[in-house]
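Notes to accompany the following structure.
Protein chains: 2
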Amino acid sequence: MTLAEKAYLSLRNDIVRGDLKPGGALKMADLSARYDMGFSPLREALSRLQGERLVISESLRGFRVSELSLAEFEDALRTRLVIETEALRLSLRLGGDDWAAQLVAATYALKLQAERSGGDIWELETRHHAFHRALLSACGSRWMLDFFEQLYMATDRYRLPVLVGGAGGGGRDLVAEHAALADAALARDETLANRLLVQHYEATAATIRARHGA
Amino acid sequence: MTLAEKAYLSLRNDIVRGDLKPGGALKMADLSARYDMGFSPLREALSRLQGERLVISESLRGFRVSELSLAEFEDALRTRLVIETEALRLSLRLGGDDWAAQLVAATYALKLQAERSGGDIWELETRHHAFHRALLSACGSRWMLDFFEQLYMATDRYRLPVLVGGAGGGGRDLVAEHAALADAALARDETLANRLLVQHYEATAATIRARHGA
DNA sequence: AAACCCGAGATTTTCGAAAATCCTTGTTGC
DNA sequence: GCAACAAGGATTTTCGAAAATCTCGGGTTT
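Protein chains in written order, with UniProt numbering: chain R, 1 to 214; chain G, 1 to 214.
Here's what the structure looks like:
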């Protein structure tokens, strides 16, 4: 793996996790020291992240971590719903045994991690991401999957602080929600699966809104 | 504007127009000579274009213009339809007088250019792009607009050779199609506008499919 | 004859300094 | 006192060479 790729993954990770604060300036000298590499791979990574809206740059004034705002969150979430709705529908139609088995596995792994008291929050997050990816993975559209990944990262920046702060948020049972969604998907019940997905999003949106107001 | 931005725009333009051939290797030395700049801004631009799927890179083997394939085209087009369907619906609900006026202007400019015999094909293409952008511009979602732009470029790579080769393709009346779509949009007829959009896509897909088979 | 290895040349990737630009601060002129 | 301006420092952006890696062909071995 090239340094440029490492820079991309490291920066992306640090931004999504909030280690690099929204609005904060990303000075080349600092980054060079932090990640122990020259300017070239860093610039390359930053300009890629700009395309994913995780950083912004003003000409000749360098890069900054992009700001968080409720409006931006709502936009990303509803766009994600548009994409996921269609991708889910396609997955239910096209998914074979491998897809079903992977979905069962992802659901189970998510449950295990969620029920492990004192478990790592980042590990849980990885499982959550994997679940949603598994759900859509059979849609057969690389564009939709790519967009899903981008939007997932964009919305995750808002959800992670909530996760780190309090528990699940608003008395939700994350495991039950996802298990129900998986069951509907495995039963190929498009209508139910879609309704559960929408509810899942509504609940997430409500949690973030509440947090943002507080 | 920085050199990196110029490199991005130039490369993107040259790839979409087909001046840089699909599958062709993009050697740094060649690009450096062609665009008269060093490696840094070029690499930055290429890695951005990789995110938009216009180029691909293998580690330590440089960049290539991404290949064209019918499957890839169909995927991009149907994803575009998912995004545009929703963005169109939102635009019809949210669009004010400015949006309506801009749409009328874009429709008229498209018509003028299309009817100018012997007109520049690239100018026509710019107007076509502007029309579709105007149609969706009031949707209020930056994510959807961004995705639309990406997908438009991805699909345009397939449509442009057809435009350059023969005329409109398959006896279609492009002007009438777009005018009808604009009328439905201005009348806020969501159902009709959506149907026309779907038809527009079907026709485009049919043209490309025929061309690809031939 | 086929497979393998080695080295020269070609190419990508990275670095660090140079050039260009921006920001701050102190000074001048009104 | 205050605005305009200029010098100096900080920072970004770009370049070109160095380092790292890959590719291709010839020669050797089995």
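A virtual CB, placed ideally from N, CA and C, is assigned to each residue, including glycine. Because the structure is a prediction, the values reported are computed rather than measured.
query	result
C-beta atoms of R/Ala179 and R/Lys111 nearer than 8 Å	yes
Uninterrupted alpha helix (DSSP H) stretches inside the segment 99 to 137 of chain R (no shorter than 4 residues)	121 to 136
Limits of the unbroken beta strand (DSSP E) element including G/Ser57	Val55 to Ser57
Environment of G/His132 [buried if 16+ CB atoms lie within 10 Å]	buried
Euclidean distance between Cα positions of R/Met1 and R/Cys139	29 Å
Which of helix, strand or coil DSSP assigns to G/Asp64	What sits at residue 64 of chain G in the sequence shown is Arg, not Asp. In this structure, G/Arg64 counts as strand in the three-state DSSP scheme.
Residue range of the unbroken alpha helix (DSSP H) whose run includes G/Thr85	Leu70 to Leu94
Positions along the segment 137 to 165 of chain R whose CB lies within less than 9 Å of some CB in chain G	Gly140, Ser141, Arg142, Trp143, Met144, Asp146, Phe147, Gln150, Leu151 and Ala154
Where the alpha helix (DSSP H) through G/Met28 begins and ends	Met28 to Tyr35
Endpoints, alpha helix (DSSP H) assigned at G/Asp14	Leu3 to Arg17
Straight-line Cα distance separating R/Gly38 from R/Val104	44 Å
Contact with chain G by R/Ser91, beta-carbon distance below 8 Å	no
Inter-stretch contact (C-beta, 8 Å, three-pair minimum) for the segment 153 to 163 of chain G and the segment 66 to 77 of chain G	yes
Closer than 7 Å at the beta carbon, the chain G residues around R/Asp75	Ser141, Arg142 and Trp143
Residue range of the unbroken alpha helix (DSSP H) whose run includes R/Leu181	Leu174 to Leu186
Proximity below 8 Å, CB of G/Leu26 to CB of G/Leu46	yes
Any C-beta of chain G under 8 Å from that of R/Met1	yes
Contact with chain R by G/Ala4, beta-carbon distance below 8 Å	yes
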